[in-house]
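This report refers to the structure that appears directly beneath it.
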Amino acid sequence: MNDKTREIVAGLRRGSREAWSQLYEAYAERLWREVFRLMGGKSDDVADVVQEVLLAAAKSARNFNPERGSLWHWLMGIARHQVALRFRQQTARLANARRWWLSLDGPAKEWLAGTRDAPPDVLESKELASLVRATLLKIPTHYQTLLTRRHLDGDSPVEIAAQTDSTPQAVRARLVRARRAFRRAFLSLVCRDSPGAGS
Amino acid sequence: MNKTGTDHTEHRFARLLGVIGRGTPTPDPELLERLRAQSTQAFLAAEAVRPTEVKRMLMRVSATLIPSVAVAFLIAIAAWWLLTGHEPMGSAHADLMQVVENTKAAEWVHIRMKVDGQQTEVWVSLKPTRLFTKEGERVEAVDYQAGRRWKYDPEARTITILEMVNEEDPFAGGGSYLDSMLAAFERVKDEEGVSLVKGEEIIEGKKYTIFTFRVEAEGVSGQGRMIIDPELNRVARMERFVESEGMSEPQVIEFEYPRTGPADIYALGVPRDAEIASRMPGWNVPKIKNAIARAERQFAKSYYAIIAEVAPRSDGTLRLSRAVTAIYKRDGNFRVERYSPPWRDVPKDFAAFEARTKQEPIESACFYPANRQRNATQVRMGTAVKLERKKIGNSGPGLEGIERRMWHAVVLHLGEDVEHSILPETKSKFGDLVGVEKKAQGKVHRSGYVQEPLHAIVHFNPSRNWIIERAKIVWDADAAWQKDKDWVKDGVIDPLSRWSKTWYQVIKYAQTQDGYWYPAQIQHEVEFPHHLADGEIDDSRRQSVILIYLDTEREIPDQLMEPDSITPDMFAEYKAMAIIDSREDWPAVPEEVAKAYWAARRAKQYDEMVMLWPDSAAIDWSEVCADERIHEYVFGEARKDGESQRVIVPYATRDRYERDGTYNMKMRLTNEGSSKGRYYIVSGN
Numbered sequence: 000m001n002d003k004t005r006e007i008v009a010g011l012r013r014g015s016r017e018a019w020s021q022l023y024e025a026y027a028e029r030l031w032r033e034v035f036r037l038m039g040g041k042s043d044d045v046a047d048v049v050q051e052v053l054l055a056a057a058k059s060a061r062n063f064n065p066e067r068g069s070l071w072h073w074l075m076g077i078a079r080h081q082v083a084l085r086f087r088q089q090t091a092r093l094a095n096a097r098r099w100w101l102s103l104d105g106p107a108k109e110w111l112a113g114t115r116d117a118p119p120d121v122l123e124s125k126e127l128a129s130l131v132r133a134t135l136l137k138i139p140t141h142y143q144t145l146l147t148r149r150h151l152d153g154d155s156p157v158e159i160a161a162q163t164d165s166t167p168q169a170v171r172a173r174l175v176r177a178r179r180a181f182r183r184a185f186l187s188l189v190c191r192d193s194p195g196a197g198s
Numbered sequence: 000m001n002k003t004g005t006d007h008t009e010h011r012f013a014r015l016l017g018v019i020g021r022g023t024p025t026p027d028p029e030l031l032e033r034l035r036a037q038s039t040q041a042f043l044a045a046e047a048v049r050p051t052e053v054k055r056m057l058m059r060v061s062a063t064l065i066p067s068v069a070v071a072f073l074i075a076i077a078a079w080w081l082l083t084g085h086e087p088m089g090s091a092h093a094d095l096m097q098v099v100e101n102t103k104a105a106e107w108v109h110i111r112m113k114v115d116g117q118q119t120e121v122w123v124s125l126k127p128t129r130l131f132t133k134e135g136e137r138v139e140a141v142d143y144q145a146g147r148r149w150k151y152d153p154e155a156r157t158i159t160i161l162e163m164v165n166e167e168d169p170f171a172g173g174g175s176y177l178d179s180m181l182a183a184f185e186r187v188k189d190e191e192g193v194s195l196v197k198g199e200e201i202i203e204g205k206k207y208t209i210f211t212f213r214v215e216a217e218g219v220s221g222q223g224r225m226i227i228d229p230e231l232n233r234v235a236r237m238e239r240f241v242e243s244e245g246m247s248e249p250q251v252i253e254f255e256y257p258r259t260g261p262a263d264i265y266a267l268g269v270p271r272d273a274e275i276a277s278r279m280p281g282w283n284v285p286k287i288k289n290a291i292a293r294a295e296r297q298f299a300k301s302y303y304a305i306i307a308e309v310a311p312r313s314d315g316t317l318r319l320s321r322a323v324t325a326i327y328k329r330d331g332n333f334r335v336e337r338y339s340p341p342w343r344d345v346p347k348d349f350a351a352f353e354a355r356t357k358q359e360p361i362e363s364a365c366f367y368p369a370n371r372q373r374n375a376t377q378v379r380m381g382t383a384v385k386l387e388r389k390k391i392g393n394s395g396p397g398l399e400g401i402e403r404r405m406w407h408a409v410v411l412h413l414g415e416d417v418e419h420s421i422l423p424e425t426k427s428k429f430g431d432l433v434g435v436e437k438k439a440q441g442k443v444h445r446s447g448y449v450q451e452p453l454h455a456i457v458h459f460n461p462s463r464n465w466i467i468e469r470a471k472i473v474w475d476a477d478a479a480w481q482k483d484k485d486w487v488k489d490g491v492i493d494p495l496s497r498w499s500k501t502w503y504q505v506i507k508y509a510q511t512q513d514g515y516w517y518p519a520q521i522q523h524e525v526e527f528p529h530h531l532a533d534g535e536i537d538d539s540r541r542q543s544v545i546l547i548y549l550d551t552e553r554e555i556p557d558q559l560m561e562p563d564s565i566t567p568d569m570f571a572e573y574k575a576m577a578i579i580d581s582r583e584d585w586p587a588v589p590e591e592v593a594k595a596y597w598a599a600r601r602a603k604q605y606d607e608m609v610m611l612w613p614d615s616a617a618i619d620w621s622e623v624c625a626d627e628r629i630h631e632y633v634f635g636e637a638r639k640d641g642e643s644q645r646v647i648v649p650y651a652t653r654d655r656y657e658r659d660g661t662y663n664m665k666m667r668l669t670n671e672g673s674s675k676g677r678y679y680i681v682s683g684n
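Protein chains in written order, with numbering that gives the first Met the number 0: chain A, 0 to 198; chain B, 0 to 684.
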C-alpha cells in the first residue's frame, strides 16, 4: 500500500469527505469501465449497478480493513457481487450460451486449447461474450483485474508492475496463473451440464 | 497467427477477452458527477460506530445469566477499553494502555469483591477462557472451550452440568462473545464523555499509580479509580461507582494474578460426593456440529503448524513415512507447503523432532520474494528441500486424509444417504467422549469416481476442543450395510481398493500458547489388501505416528500470505535459471536440449530433468518414471514457434520415424529467462 492509499484509508476511517473524494477520483471511472465490461448490457443497467456499488461502499467505507485487501479489490468485490446478482436474474441467457458452446464442433474448442486458429464466427458471438463475462466473475478478483488490464486495457507487464509495486517478471508469472485460472473456470462453466462433468 | 495455425497464448487471450469490449469505454461525465454527489452524501451519513450497539452490548451483559461477579469483571475490562480507546488522553492513556496489556497477559486473574454484601471471588483465565465464581458455598464454573457449565447448589448438594449448545445462549461461544464485546468498546474510542487523570498516592507506606476516571457515555455514567501495582504494573484494585446502575456506595474490586487457577469446581470446596443432578442432555448431530463449529471459531486466527508422520523401522528407529506439511494461517487464508526434508532419519521422540524443526526451519530453504534481492546464483538447486506443493487460499487448508480429519474435527459431512447414530458417551483418560457412528452407501459418481461404502465410528473429546480422539474408518465394497448390492453395476473396482480399515487414537495432547488443545501425537494404523510377490493378495497392516507442532504466536510475514508470491514453478525456474546460466556446458542448440532431457529421463536423473524443463518441478517425476520404458527417439530440426522467442523441436520414436518418416510429437523450448540465451524446455508431449 503506497502513502497515497494509506492516506485515503486513514481518512475514510475518520469519515473525511476529502478521503472519499480521493477514492472516487481514483477509482470511479475505472469501476464504471469494469462493470460495463462485465455487464455488457444497456448503459442504464451499468449505471444502476455502479450506483449500487458506490452507495454500498460509501456506507461501509469507514470500516474498511486494509488487511483484507486493497481498496480496488474491495470495490471490485462489491461490484462483482452486484453484477453476479444481476446475472442470477439472467440464468436463461447463460444456459443458452452454455448450450451454444456444447453444440460447437471441435475447432472452437481446439482454438481454446491453443491448437488452431480462432473461428471468426465464434469470436463474434454474443454467447461467447456471456461465457467470458461469467468466467471473469468466477475467477479471483485480482486475476480478473490483471487479465483485463493486460488484455483489454493493453497495459504491459512493465506498466502493471510499476503501478502495483511489483516486478515485470512477477506480473508475467501472475498472468500465467490468471490465464490458467480463467481456462479452468471457463471449462468448468461450460462443461457443467455436459456428460461426465463434475469430476 | 503463425504458420502452424496456433495462436500465441497472449494473443489468444487478448482476442478471447476482447469479445467483451477492448479499449477504454468512458462513462457519461454527468453520470459520474451525479454518482459522486450521491455517494459522498451516503458516506458522510454513514456511522462508523453505532452507540446503540455499544449500549446494547452493555445492557446485554447485565441481562445475561452470567453471574453478577463476572458481569462486574466484564464491566471492569470494558471500562478499561472504554478509557484506553480515547486518544486525547495523552500520556495517561499511554500509561494505562501498558497496564491493560500487562493485565491481559496474566495467566489467571483472581478477583475479590462484595456483591450484595456477599463476599465473592472470581478466577478468570482468558487463555483459554475459563471462569470460576464462588459466592459463599455456591460455585459455578464455565469452560467455554469445552462448551460446558457447572453449577453447584450447596443446599441441594447437587451439581448441574450443562452443555452450551444453543447459539442464543449467552454462554455459547463465550470467548468470542467477550471478544466481540471488547471490540465493541474499542470502537467507541471516538466517543465523547470520558475523562482520565493519572496521579500517585501513598497507601500504607507504598507509592501507587492511580488512574481516576469519569465516564459519561450514552446509557453509562459513573466514576472510579484504578490502583496499579507498582511492581507488576497491573491493576491491583478498582473502586467504581456507577451512578447509572443505582449504586449507593462504591464497589471495591481487588485483583491478584496467580500462576494457576482452580482445576475444577472441587478445588473450590464442592464435595466430591455431591450428586450430579442432571447430566448433559442427549447429543444429536446438529448439536455436535454446533459445538464443533464453536470450538473452531475459538481457535487461533493465525497459526503455524508442522505435521509429520513417522513409522517404525524393523530395527526400532523411525523414518518419515511421508512429506512434512507446513501450514500457515492468517486472516482466513491458508498456505500449505509439503516438503521432503533430507533428514529422513527423524529424531526418535516428538520433543527432539520439534527441536530439530526449530533448529532447521523447514521454510528456510523456501524461495521467498525477499530473496529476489539475492544474487540468483547463490540459490542452489535440489540440495535441501523439495517443495512439492503450495496452496494459498481461503477455502480451507486443503489438507487431506488424517490432517483434514484430525485438525479441526471437520468430519461430520452430512448427506441424505448417510446414516448417523449417536453412541453412548465413552470415558477416556481425558474426559467423556461423544461418539458418532456413520454409515454411507457406496456409489459410482457420474465422473466414474467410485465411492465405496463407508462405516466410521468417531469419538470427539468435548473437553479438548472437540478434537477427534479416536476413530475407526472402514471402506468396504462388499459391506453388509450396503443396501443396493449391485451398486457398482458395470464398474470395476480394483482388487487393491476393495476395502481398507483405518484407526486413529490421540496418544498425546498439547496446548497452544493461547490455551487451545490439539493432538500432538496420534497413533495411526491402516490395514489394506496388498499384492504379494507372486501376485496373490494378502492383508497388510502399517503403523505410524502423526506428530503435530502448532504455534499460534509465530509471526506470519505478509509476503508469505501474498497470493501473488512465488509459486513452485517460479521457485524452480529461478533456481534453474541460475544454474543454467552458471554451468560451463549447456546444450548449444534446442535439439540438443531435447535430447539431453530424454537422456536424463532414461537415466532417471530427476534433478537434471527439472533443470532442462524447469516448469516441470511440480511433477513428481520419480512416480511418473517409476515403471517407464523409454523409447529411442529421433529429433527433427528446430523451428520458430510463431513470433515468440520459442522454438519447436519435433520428435518421434525411432520405430515410427523409420516406418512413416514423420515426427508426431513436439517439445517447445525458449531462451527467454536465460541471460546467456540458453534454451530450456517449456512444454512437451
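Built from N, CA and C at the ideal position, the CB exists for glycine as well.
No Cβ of chain A is located within less than 9 Å of the beta carbon of Arg677/B. Counted as a single uninterrupted DSSP element, the stretch harbouring Phe185/A is not any beta strand (DSSP E) but the alpha helix (DSSP H) occupying residues Pro167 to Val189. If the five residues before and after Ile227/B are omitted, its C-beta is found closer than 8 Å to the C-beta atoms of Val98, Tyr207, Thr208, Ile209, Phe210, Arg233, Val234 and Ala235, all from its own chain and listed in chain order. Taking a cut-off of 8 Å for Cβ pairs, the region 0-16 of chain A and the region 32-43 of chain B touch, as three or more such pairs fall below it. Below the 7 Å Cβ cutoff, chain A contributes no neighbours of Gly268/B, its closest Cβ being approximately 47 Å away.
Within the same chain, Gly441, Trp474, Asp475, Ala476, Ala478, Ile492, Ser496, Arg497 and Trp498 come within 8 Å of Glu451/B by CB-CB distance, once the 5 residues on both sides are set aside. Within the region 24-49 of chain B, the residues whose Cβ lies closer than 9 Å to any Cβ of chain A are, in chain order, Pro24, Thr25, Pro26, Asp27, Leu30, Leu31, Arg33, Leu34, Arg35, Gln37, Ser38, Thr39, Gln40, Ala41, Phe42, Leu43, Ala44, Ala45, Glu46, Ala47 and Val48.
The beta-carbon of Ile305/B is placed no less than 9 Å from the nearest beta-carbon of chain A.
Neighbours of Phe35/A in chain B, taken as residues whose beta carbon is under 8 Å from its own, are Gly20, Pro24 and Pro26 in chain order. Three or more beta-carbon pairs separated by less than 8 Å link the region 261-278 of chain B to the region 120-140 of chain B, which places the two stretches in contact. With respect to the 9 Å criterion, Ala593/B and Gly683/B are classified as neighbours on the basis of their beta carbons. The three-state reading of DSSP puts Asn289/B in helix, counting H, G and I together. Pro613/B carries a helical assignment under DSSP once its states are collapsed to helix, strand and coil. The beta carbon of Gln143/A lies closer than 6 Å to those of Leu135 in the same chain, with the five residues before and after it left out. Listed as beta-bridge partners of Phe634/B by DSSP are Tyr650/B.
DSSP places Val681/B in the strand class (E or B) of the three-state scheme. Of all residues in the region 15-32 of chain A, the ones placed with a Cβ closer than 8 Å to any Cβ belonging to chain B are Arg16, Trp19, Ser20, Tyr23, Ala27, Glu28, Trp31 and Arg32, in chain order. When rounded, the separation of the alpha-carbon atoms in Glu203/B and Met237/B is 17 Å. Asn663/B counts as exposed, since fewer than 16 other C-beta atoms from the protein chains shown sit within 10 angstroms of its C-beta.
In the same chain as Ile138/A, and ignoring 5 residues on each side of it, the C-beta atoms closer than 6 Å to its own belong to Ala180, Phe181 and Ala184, in chain order. Contacts with chain A at 9 Å (Cβ-Cβ) include Glu9/B. Gly17/B has a beta carbon lying within less than 9 Å of a beta carbon in chain A.
In terms of Cβ geometry, Gln222/B and Tyr515/B do not form a close pair [threshold 9 Å]. Against chain B, a Cβ distance below 8 Å from Thr147/A picks out Leu16.
The Cβ atoms of Trp585/B and Ile629/B do not sit closer than 9 Å to each other.
A distance below 8 Å between beta-carbons, with the five flanking residues on each side excluded, links Trp107/B to the following residues of its chain, in chain order: Trp122, Val123, Ser124, Tyr256, Pro257, Arg258, Thr259 and Gly260.
Under the 9 Å criterion on CB atoms, Val189/A is classed as non-interfacial with respect to chain B. If you draw a 10 Å sphere on the C-beta of Val457/B, you find 16 or more other C-beta atoms in it, and that means buried. Annotation for Thr551/B: no beta strand (DSSP E) segment contains it, and DSSP assigns it neither H nor E. According to the DSSP assignment, Trp620/B belongs to the alpha helix (DSSP H) that extends over Trp620 to Val623. Considering only Ser20/A, Trp19/A, Leu53/A and Ala18/A, the residue with the shortest C-alpha distance to Val34/A is Leu53/A. Distance from the CA of Val646/B to the CA of Ser102/A, rounded to the nearest whole angstrom, comes to 35 Å. In this structure, Glu468/B keeps its C-beta atom at 9 Å or more from the C-beta atom of His454/B. Segment contact: the region 89-99 of chain A against the region 121-133 of chain A, three or more CB-CB distances shorter than 8 Å; contact assigned. In the structure shown, Arg61/A falls within a helical segment according to DSSP collapsed to helix, strand and coil. Relative to the Cα of His109/B, the nearest Cα in the group Ile506/B, Ile252/B and Val681/B belongs to Ile252/B.
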